[in-house]
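Novice:
Numbering (my numbering), first residue to last: 98 to 451.
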């Protein structure tokens with residue numbers, strides 16, 4: 098009878114674990130939004146830190162930071178909005194003409210036929226079905242962005258409550274592992290976010306300035322595109338470079354050569370100077386691993402997976418290093434550029450320091 102009870106208990110436990118895994122998979126879009134909210138909260142906390150040091154409370158520091166961000170965006174729209182709108186219209190028109198020319202060259206009569214696979218293409222849609230299925234409605238994108246922004250604000254105002262609540266779900270004998278892992282992940286993401294924000298600004302400014310000097314049309318819009326695309330490592334810079342060179346090629350061959358030179362130089366500066374100086378060895382993910390991680394997560398979860406693919410790869414990398422290599426295998430490993438201690442020792446050391 099005891100054996101039967103143990104068997105039934107284990108069966109129920111296995112069923113519960115399976116149900117939780119299925120639920121996690123079904124709720125993965127929501128979990129990605131929550132992860133995006135965490136990243137936004139980190140950005141808000143970092144920007145609000147000077148106001149906290151000046152004596153403002155956490156809540157008012159976050160509120161003041163959010164107000165400054167909104168005011169800055171409105172001011173940018175006032176000063177650069179009309180010029181940016183004109184350049185985006187020009188850019189949109191040139192992209193449309195390039196797509197029409199490509200459709201005719203490939204033997205189709207329209208962009209719709211090109212995507213549907215008519216004519217000599219033999220079916221571009223069949224080559225890239227997953228990519229084309231990523232298209233989401235504007236309403237869904239706005240809703241997702243709103244959820245992340247509001248959730249990020251709440252997390253930024255009172256992060257300790259949510260962190261402590263999450264730790265209570267962890268069994269006591271694994272809590273030190275969870276605390277150490279969360280600390281390492283938080284520090285790695287903070288360093289990565291700082292590097293990405295600085296890199297986005299510098300890449301956008303350098304690209305726009307270089308394209309303006311090279312005589313490429315719409316340099317402000319293309320510089321903004323390059324800066325925003327840099328938020329997605331590897332894939333973003335490649336996409337921005339292809340679009341920029343294609344736009345310049347439709348202008349003249351001199352502009353195309355200038356665009357190629359500018360994009361190559363800016364990417365060399367970003368990869369060899371900006372990223373190493375800002376991020377350093379904090380995020381030690383090999384380029385090929387990061388690229389495949391972004392593609393894999395994007396194939397599973399769509400555009401949001403592409404956007405959050407690299408920071409998710411950082412989380413997975415830190416968790417494997419901390420929980421498996423350092424704690425389970427007891428092998429020496431570097432985390433955040435330093436040789437990691439076991440979780441119990443690391444948590445005890447942080448408590449003593451605090």
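Ideal Cβ placement from N, Cα and C applies to all residues, glycine included.
As the structure is a computational prediction, the values presented were derived from the model and not from experiment.
1) Could you work out which residue in 417, 344, 263, 434 is closest to residue 288 when comparing CA atoms only?
2) Should residue 367 be labelled buried (16 or more other beta-carbon atoms within 10 Å of its own) or exposed?
3) If you draw a straight line from the C-alpha of residue 153 to the C-alpha of residue 346, how long is it?
4) Cβ atoms of residue 281 and residue 107: under 7 Å apart, would you say?
5) Return the CA-CA distance between residue 327 and residue 167, expressed in angstroms with no decimal places.
6) Please look up how many angstroms separate the CB atoms of residue 245 and residue 124, rounded, as I've assumed it's under 8 Å.
7) Can you list, in chain order, the residues of its chain whose CB lies under 6 Å from that of residue 437, leaving out five sequence neighbours each side?
8) Give me the Cα-Cα distance between residue 299 and residue 111, rounded to the nearest whole angstrom.
9) Are the region 385-392 and the region 356-364 touching, with three or more C-beta to C-beta distances below 8 Å?
10) Output needed for residue 248: all residues of its chain with C-beta closer than 6 Å, excluding positions within five of it in sequence on either side, in chain order.
11) Bridge partners for residue 432 per DSSP, in chain order?
12) According to DSSP, is residue 441 part of a helix, a strand, or is it coil?
13) By how many angstroms is the C-alpha of residue 141 removed from the C-alpha of residue 161?
14) Measure the C-alpha to C-alpha separation of residue 319 and residue 385 and round it to an integer number of angstroms.
15) Does residue 278 get closer than 7 Å to chain B when you measure Cβ to Cβ?
16) Run the CB neighbour count on residue 369, radius 10 Å, all protein chains shown included, and call it buried at 16 or more, exposed below.
17) Since I believe residue 409 is in contact with residue 240 (beta carbons under 8 Å), could you give me their beta-carbon distance rounded to a whole number of angstroms?
18) What three-state label does DSSP hand residue 382 in the structure shown?
19) Please classify residue 264 as buried or exposed, where buried requires at least 16 neighbouring CB atoms within 10 angstroms.
20) Which residue comes first and which comes last in the alpha helix (DSSP H) that contains residue 153?
21) For a quick check, are the C-beta atoms of residue 290 and residue 396 less than 7 Å apart?
22) Which value, in whole angstroms, describes the spacing of the CA atoms of residue 317 and residue 171?
23) Can you tell me which of the three DSSP states residue 265 falls into?
24) Does the distance between the C-beta of residue 367 and the nearest non-hydrogen atom of the ligand PLP fall short of 6 Å?
25) What does the alpha-carbon distance come out to for the pair residue 311 and residue 330?
26) Assign residue 103 to one of two classes, buried (16 or more other C-beta atoms within 10 Å of its C-beta) or exposed (fewer than that).
27) Is residue 323 closer than 7 Å to residue 304 when the C-beta atoms are compared?
28) Out of 414, 444, 155, which has the shortest C-alpha to C-alpha gap to residue 382?
29) Mind reading off the beta-carbon distance from residue 273 to residue 440? Whole number of angstroms is fine, and I expect it under 8 Å.
30) Would you say residue 159 and residue 145 are within 7 Å of each other, going by their C-beta atoms?
31) Keeping to the same chain, check which residues put their C-beta closer than 6 Å to that of residue 443; ignore five residues upstream and five downstream.
32) If you measure between the beta carbons of residue 301 and residue 321, is that distance less than 7 Å?
33) Just to confirm before moving on: does the CB-CB distance between residue 296 and residue 175 stay below 7 Å?
34) Starting from residue 466, trace the alpha helix (DSSP H) in both directions and tell me its first and last residue.
Specialist: Taking the coordinates as given:
1) By one-based count along the chain shown, residue 288 stands at place 191. Ranking the options by Cα distance to residue 288, first place goes to 434.
2) Locating residue 367 in the chain shown gives position 270, counting from the first residue. By the 10 Å Cβ count, residue 367 comes out buried.
3) Here residue 153 refers to the residue found at position 56 when the chain shown is read from its first residue. Here residue 346 refers to the residue found at position 249 when the chain shown is read from its first residue. Cα-Cα distance, rounded: 52 Å.
4) On the chain shown, residue 107 is found 10 positions in, with the first residue counted as 1. On the chain shown, residue 281 is found 184 positions in, with the first residue counted as 1. In this structure, residue 281 does not lie closer than 7 Å to residue 107 by Cβ.
5) In the chain shown, the residue the question calls residue 327 occupies position 230. In the chain shown, the residue the question calls residue 167 occupies position 70. Rounded to the nearest angstrom, the two C-alpha atoms are 22 Å apart.
6) Within the chain shown, residue 245 is the residue found at index 148, counting from 1. Within the chain shown, residue 124 is the residue found at index 27, counting from 1. Contact doesn't hold; Cβ gap of about 15 Å is too wide.
7) Counting from 1 along the chain shown, the entry for residue 437 is found at position 340. Within the same chain, residue 437 has close Cβ partners 423, 430.
8) Position 202 of the chain shown, counted from the start, is the residue given in the question as residue 299. Position 14 of the chain shown, counted from the start, is the residue given in the question as residue 111. C-alpha separation (whole angstroms): 51 Å.
9) no
10) As a working mapping, residue 248 is identified with position 151 in the chain shown. The answer, listed in chain order, is 134.
11) To locate residue 432, count along the chain shown from 1; it is residue 335. Paired residue(s): 435.
12) Along the chain shown, read from residue 1 onward, the residue named residue 441 stands at position 344. Residue state, collapsed to three classes: helix.
13) On the chain shown, residue 161 is found 64 positions in, with the first residue counted as 1. On the chain shown, residue 141 is found 44 positions in, with the first residue counted as 1. For residue 161 and residue 141, the distance between alpha carbons rounds to 10 Å.
14) As a position in the chain shown, residue 319 is number 222, starting the count at 1. As a position in the chain shown, residue 385 is number 288, starting the count at 1. Taking the straight line joining both Cα atoms gives about 27 Å.
15) The structure shown contains no chain B; it is built from a single protein chain.
16) Within the chain shown, the letter at position 272 stands for residue 369. When all chains shown are included, residue 369 counts as exposed.
17) Against the chain shown, residue 240 aligns to sequence position 143. Against the chain shown, residue 409 aligns to sequence position 312. No, residue 240 and residue 409 are not in contact; Cβ-Cβ is about 21 Å, not under 8 Å.
18) The residue you call residue 382 lines up with position 285 of the chain shown. Correct three-state label for residue 382: coil.
19) By one-based count along the chain shown, residue 264 stands at place 167. Exposed, by the Cβ-count rule.
20) The count along the chain shown starts at 1 and reaches residue 153 at position 56. Looking at the DSSP string, residue 153 is not in any alpha helix (DSSP H), and its letter there is neither H nor E.
21) Translated into the one-based positions of the chain shown, residue 290 becomes position 193. Translated into the one-based positions of the chain shown, residue 396 becomes position 299. No; because the gap between Cβ atoms is not below 7 Å, this pair is not in contact.
22) The residue you call residue 317 lines up with position 220 of the chain shown. The residue you call residue 171 lines up with position 74 of the chain shown. Their backbone Cα atoms lie some 17 Å apart in a straight line.
23) Residue 265 sits at position 168 when you count from the first residue of the chain shown. Note: residue 265 maps to coil in three-state DSSP.
24) With respect to small molecules bound, the structure shown includes none, and the ligand PLP cannot be examined in it.
25) Translated into the one-based positions of the chain shown, residue 311 becomes position 214. Translated into the one-based positions of the chain shown, residue 330 becomes position 233. Approximately 25 Å, taken between the alpha carbons.
26) The count along the chain shown starts at 1 and reaches residue 103 at position 6. Label assigned to residue 103: exposed.
27) Counted from its first residue, the chain shown places residue 304 at position 207. Counted from its first residue, the chain shown places residue 323 at position 226. In contact: residue 304 and residue 323 (Cβ atoms closer than 7 Å).
28) Working through the chain shown from its first residue, we reach residue 382 at position 285. Comparing Cα positions, the closest option is 414.
29) For the purposes of this step, residue 273 is taken as residue 176 along the chain shown, with counting starting at 1. For the purposes of this step, residue 440 is taken as residue 343 along the chain shown, with counting starting at 1. The Cβ separation is near 5 Å, so the contact holds.
30) For this step, residue 159 is matched to residue 62 along the chain shown. For this step, residue 145 is matched to residue 48 along the chain shown. Against a cut-off of 7 Å, the Cβ pair of residue 145 and residue 159 comes out as a contact.
31) Position 346 of the chain shown, counting from 1, holds the residue named residue 443. Only 277 meet the Cβ criterion.
32) What you label residue 301 is simply residue 204 of the chain shown in a count that begins at 1. What you label residue 321 is simply residue 224 of the chain shown in a count that begins at 1. Cβ distance < 7 Å, so residue 301 and residue 321 count as in contact.
33) Here residue 296 refers to the residue found at position 199 when the chain shown is read from its first residue. Here residue 175 refers to the residue found at position 78 when the chain shown is read from its first residue. No.
34) Nothing about residue 466 can be read from this structure; the chain reaches only from 98 to 451.
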